[in-house]
Amino acid sequence: MDSGRLSRGRSYARKGQVLSIEETKDGIAARVQGSRKTPYKISIQIAPLTDAQWDKVIDALAEQAIFTAQLLAGEMPQDIEQAFSAAGVSLFPAKRGDLKTDCSCPDYANPCKHVAATHYILGERFDEDPFLLFRLRGRTQEQILQALRQRRAGQMEMLEEEPAEPEPAILLEDCLEHFWELGAPLESVPVSIRPPAVEMPLLKRLGEAAFVPEPGIESLLRAAYQAIGQEAIRVAFQEEEKEEAE
Numbered sequence: 002m003d004s005g006r007l008s009r010g011r012s013y014a015r016k017g018q019v020l021s022i023e024e025t026k027d028g029i030a031a032r033v034q035g036s037r038k039t040p041y042k043i044s045i046q047i048a049p050l051t052d053a054q055w056d057k058v059i060d061a062l063a064e065q066a067i068f069t070a071q072l073l074a075g076e077m078p079q080d081i082e083q084a085f086s087a088a089g090v091s092l093f094p095a096k097r098g099d100l101k102t103d104c105s106c107p108d109y110a111n112p113c114k115h116v117a118a119t120h121y122i123l124g125e126r127f128d129e130d131p132f133l134l135f136r137l138r139g140r141t142q143e144q145i146l147q148a149l150r151q152r153r154a155g156q157m158e159m160l161e162e163e164p165a166e167p168e169p170a171i172l173l174e175d176c177l178e179h180f181w182e183l184g185a186p187l188e189s190v191p192v193s194i195r196p197p198a199v200e201m202p203l204l205k206r207l208g209e210a211a212f213v214p215e216p217g218i219e220s221l222l223r224a225a226y227q228a229i230g231q232e233a234i235r236v237a238f239q240e241e242e243k244e245e246a247e
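With our numbering applied, the sequence shown covers 2 to 247.
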């Protein structure tokens, strides 16, 4: 696409000339006000992945615990494209046939400035609803979450089918002498302090309580949890610095 049409498309988007943009069963439909009285009609279609391709993507997502945790919490992982690459496909249109655009304007070029304006607004929609791209690729958020839950259930069944060998029990007579002694000191227990894969997943899952007046309990709990977490990290590193100094 030439820079002139791209620049005019950006200007159209900023001036609010994209009158409407909506998701349809075939992709995206938009209306853009051009130089004529009647708005132009734009359609954008992204080729959906096949069922077999989606199965590979779900398998790749299920192998990454952080991806599964974030998706189940309603978050889009930043490195989600890695799972699609591992499945041999791309979440974003990568080939010429992956993306089809059309506009009712007389411009011979495709994409034209009206399509470019729609792309700019569509980019904002992706920021607001990252799962829109999943739907354009053929799967809703709930379909993906359901598939991930099924994968997890299957993994749990496999673990249950292969129970670990139980450790032999120690006879009471053999441990009487050390019965009242402490075990290994807590300092020997390894502790790893790092940010969680999903920030406050339970709060996000529960949502705002309808019976609590504004500003709501979620924002108060979120602030409290953040303060507690920061204080815990401060104390942990303070203790570590004391030990190193000694």
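Backbone N, C-alpha and C define an ideal beta-carbon position, used for all residues, glycine too.
- Task: Go through its chain and collect everything with a Cβ distance to residue 61's Cβ below 7 Å, but skip five positions before and after it.
- Result: Sequence index remark: in the sequence shown, residue 61 carries index 60 (1-based). Correct list, in chain order: 84, 87, 88.
- Message: Pop quiz: residue 124 and residue 50 are said to be a contact at Cβ under 8 Å. What is the actual Cβ separation, rounded to whole angstroms?
- Response: Locating residue 124 in the sequence shown gives position 123, where the first residue counts as 1. Locating residue 50 in the sequence shown gives position 49, where the first residue counts as 1. Their Cβ separation, rounded to whole angstroms, is 21 Å, which puts residue 124 and residue 50 out of contact at 8 Å.
- Query: For residue 92 versus residue 134, is the C-beta spacing smaller than 9 Å?
  - Reply: The residue labelled residue 92 in the question sits at position 91 within the sequence shown. The residue labelled residue 134 in the question sits at position 133 within the sequence shown. In this structure, residue 134 lies closer than 9 Å to residue 92 by Cβ.
- Using DSSP bridges, identify the partner residues of residue 24. Taking the first residue of the sequence shown as 1, we reach residue 24 at position 23. According to DSSP, which records beta bridges pairwise, residue 24 is partnered with 29.
- Looking at the structure shown, is residue 44 part of a helix, part of a strand, or coil, going by DSSP? If you number the sequence shown from 1, residue 44 lands on position 43. If DSSP states are grouped into helix, strand and coil, residue 44 belongs with the strands.
- Message: Ignoring anything shorter than 3 residues, give me the beta strand (DSSP E) runs that lie fully in the stretch 99-152, in order along the chain.
- Response: 100-104
- Are three or more beta carbon pairs between the stretch 6-23 and the stretch 109-129 nearer than 8 Å? yes
- Count the other C-beta atoms from every protein chain shown that fall within 10 angstroms of the C-beta of residue 104, then say buried if there are 16 or more, exposed otherwise. Counted from its first residue, the sequence shown places residue 104 at position 103. Answer is buried; the Cβ neighbour count reaches 16.
- Query: residue 55: which of 28, 147, 211 sits nearest, CA to CA?
  - Reply: Position 54 of the sequence shown, counted from the start, is the residue given in the question as residue 55. Out of 28, 147, 211, 147 has the C-alpha closest to the C-alpha of residue 55.
- With 9 Å as the threshold, decide whether the Cβ of residue 88 is near any Cβ in chain C. The chain labelled as chain C is not found in the depicted structure, where only one protein chain is given.
- Query: Whose C-alpha, out of 226, 74, 110, 178, is nearest the C-alpha of residue 206?
  - Reply: Locating residue 206 in the sequence shown gives position 205, counting from the first residue. Answer by Cα proximity: 74.
- Going straight from the alpha carbon of residue 145 to that of residue 78, what length do you get? Locating residue 145 in the sequence shown gives position 144, counting from the first residue. Locating residue 78 in the sequence shown gives position 77, counting from the first residue. C-alpha separation (whole angstroms): 13 Å.
- Item | Three-state class that DSSP yields for residue 236 in the structure shown | In the sequence shown, residue 236 corresponds to position 235, counting from 1. Of the three classes helix, strand and coil, the one that applies to residue 236 here is helix, per DSSP.
- Member of 212, 235, 137 whose CA lies at the smallest distance from the CA of residue 28: Your numbering for residue 28 matches position 27 in the sequence shown. The shortest C-alpha separation from residue 28 is found at 137.
- Tell me residue 58's beta-bridge partners as DSSP assigns them. Along the sequence shown, one-based indexing puts residue 58 at 57. None, per the DSSP bridge assignment.
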